[in-house]
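Numbering (the working numbering), first residue to last: 8 to 422.
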Ligand code: ADP
């Protein structure tokens with residue numbers, strides 16, 4: 008069998024004619040685990056607390072190109088060399104094996120690329136678990152990894168199809184929207200009240216379809232890292248204020264009160280309010296998109312009461328909160344809310360239009376800027392969506408702004 012291990016097993020001395028009973032049981036156990044490890048298609052590797060490989064199954068050899076006899080005894084980073092998006096090997100603290108060795112906590116990664124012995128790059132998914140002895144991590148870890156080339160290729164085909172289809176569909180939809188708008192224009196077209204009612208409905212549905220295709224396009228780009236982003240030093244207070252202003256009309260037409268509270272506001276004796284400056288490195292248009300989605304949701308799902316935007320922070324974090332007095336989100340739905348197409352299944356969601364893509368896109372955008380988005384909610388009381396972004400100090404913001412200003416655009420450069 009191709010399984011290679013340097014595990015030492017305790018010996019037993021109680022003999023009953025030939026092999027001792029416990030020795031026989033252990034031999035059988037070992038045989039069956041060797042069979043399992045040799046038969047499965049996933050690569051299995053055991054790494055000791057010194058970082059050296061102790062066990063390497065045949066699938067692990069097949070995927071990495073390392074014969075088990077050579078891999079065992081080597082440091083895991085030389086054999087399971089994972090590369091980041093820039094093609095650089097993961098430092099130990101970011102490598103899932105290194106992470107679990109250091110913390111004793113399971114870790115996983117499905118975005119990395121493995122460099123095989125011959126230098127080939129293959130996408131892999133890896134799950135690493137600590138070995139537990141007497142209810143405590145024993146120091147060694149087990150990693151199970153798979154070649155996901157096929158899944159990645161299928162995913163990319165799927166996403167190409169969605170991108171192309173949504174892109175192609177948006178053009179005729181825009182034309183239909185345009186003609187429907189013309190038909191509703193009394194100066195151009197004559198029609199009775201019934202026909203107008205139907206046209207308004209057709210207009211609403213077309214608008215919804217257009218939004219769905221736009222969301223599909225954005226989400227497929229977000230998934231494979233094609234979302235365009237131009238991050239700059241941005242003052243988040245300004246962006247939040249604009250988002251609040253943009254949401255006011257919608258809120259008012261639903262009878263909701265929309266307010267903005269900036270914490271740390273100081274009133275000068277002249278009555279002028281001085282706002283603290285919250286700088287972060289983001290693309291303002293992308294952040295506006297996220298805020299618009301969260302505020303639109305708060306208005307859409309809240310039947311009465313208010314929507315409150317808060318901007319707060321500490322020296323390292325800028326935090327935006329969007330709180331509503333809506334129906335709240337059941338605790339069992341909260342962990343799934345930021346997944347693609349997830350919508351809470353209740354009569355309220357069914358009666359309110361939506362695609363289930365807005366929060367997925369929002370999460371992808373916020374994560375592009377190393378931020379975090381989450382929700383805290385109580386059924387029948389309301390929900391608060393939180394966005395944390397890394398805050399830039401005033402000095403750092405100034406320094407980056409100077410750098411940006413001094414970068415001569417290729418169009419400006421002398422020819
Ligand atoms: P949708 O287009 O359905 O609004 P989102 O991704 O923006 O898609 O939101 C996902 C789901 O989360 C919604 O369908 C809704 O069930 C729930 N949700 C989002 N925001 C709120 C909110 N403020 N109050 C209650 N439920 C919400």
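The beta carbon of each residue, even a glycine, is placed where N, CA and C say it ideally should be.
Counterpart residues of residue i in DSSP-defined beta bridges
i: residue 336; result: Beta-bridge pairing links residue 336 to no other residue.
i: residue 73; result: According to DSSP, which records beta bridges pairwise, residue 73 is partnered with nothing at all.
i: residue 395; result: 326, 379
i: residue 249; result: DSSP, once it has assigned bridges, lists no residue as partnering residue 249.
i: residue 294; result: Answer by DSSP bridge pairing: none, since residue 294 is not bridged.
i: residue 121; result: 89, 129
i: residue 135; result: 114, 150
i: residue 239; result: 289
i: residue 369; result: None, per the DSSP bridge assignment.
i: residue 53; result: 62, 149
i: residue 269; result: 318
Secondary structure of residue i, DSSP reduced to three states
i: residue 96; result: strand
i: residue 188; result: helix
i: residue 102; result: coil
i: residue 48; result: coil
i: residue 152; result: strand
i: residue 200; result: helix
i: residue 315; result: strand
i: residue 288; result: strand
i: residue 346; result: coil
i: residue 140; result: strand
i: residue 64; result: coil
i: residue 115; result: strand
i: residue 193; result: coil
i: residue 389; result: strand
i: residue 264; result: strand
i: residue 341; result: helix
i: residue 80; result: coil
i: residue 41; result: helix
i: residue 384; result: strand
i: residue 331; result: strand
i: residue 320; result: strand
Nearest residue (CA-CA) to residue i, options the options
i: residue 101; options: 89, 34, 174; result: 89
i: residue 117; options: 150, 141, 168; result: 150
i: residue 126; options: 147, 72, 164, 115; result: 72
i: residue 77; options: 269, 61, 91; result: 61
i: residue 408; options: 296, 317, 256, 240; result: 240
i: residue 168; options: 227, 212, 261; result: 227
i: residue 55; options: 133, 115, 145, 39; result: 145
i: residue 404; options: 287, 188, 206, 130; result: 287
i: residue 304; options: 266, 254, 173, 352; result: 254
i: residue 376; options: 184, 291, 355, 354; result: 291
i: residue 450; options: 87, 141, 108, 164; result: Residue 450 falls outside the range modelled here, since the chain spans only 8 to 422, and no answer is possible.
i: residue 354; options: 334, 75, 362; result: 334
i: residue 104; options: 123, 83, 92, 94; result: 83
i: residue 221; options: 119, 338, 365; result: 365
i: residue 48; options: 34, 232, 38, 63; result: 63
i: residue 137; options: 128, 203, 108, 351; result: 108
i: residue 51; options: 212, 75, 39, 238; result: 75
i: residue 289; options: 160, 242, 343; result: 242
i: residue 235; options: 389, 296, 344, 143; result: 296
i: residue 159; options: 192, 148, 180, 120; result: 120
Pairwise C-alpha distance: residue j and residue i
i: residue 170; j: residue 219; result: 12 angstroms
i: residue 85; j: residue 96; result: 10 angstroms
i: residue 374; j: residue 323; result: 16 angstroms
i: residue 384; j: residue 294; result: 22 angstroms
i: residue 259; j: residue 346; result: 30 angstroms
i: residue 400; j: residue 57; result: 40 angstroms
i: residue 67; j: residue 329; result: 48 angstroms
i: residue 340; j: residue 135; result: 27 angstroms
i: residue 176; j: residue 162; result: 21 angstroms
i: residue 315; j: residue 139; result: 47 angstroms
i: residue 359; j: residue 307; result: 7 angstroms
i: residue 166; j: residue 111; result: 36 angstroms
i: residue 406; j: residue 413; result: 11 angstroms
i: residue 45; j: residue 65; result: 6 angstroms
i: residue 215; j: residue 325; result: 33 angstroms
i: residue 154; j: residue 43; result: 19 angstroms
i: residue 300; j: residue 363; result: 11 angstroms
i: residue 410; j: residue 248; result: 27 angstroms
i: residue 205; j: residue 212; result: 11 angstroms
i: residue 495; j: residue 391; result: Shown here, the chain extends from 8 to 422; a query on residue 495 therefore has no answer.
i: residue 402; j: residue 285; result: 12 angstroms
Whole-angstrom C-beta distance between residue j and residue i, which should lie under 8 angstroms
i: residue 368; j: residue 225; result: 5 angstroms
i: residue 394; j: residue 327; result: 4 angstroms
i: residue 189; j: residue 195; result: 6 angstroms
i: residue 263; j: residue 309; result: 6 angstroms
i: residue 250; j: residue 298; result: 4 angstroms
i: residue 269; j: residue 282; result: 5 angstroms
Residue i Cβ short of 7 angstroms to the ligand PLP heavy atom set
i: residue 401; result: As presented, the structure is devoid of the ligand PLP, carrying the ligand ADP as its sole ligands.
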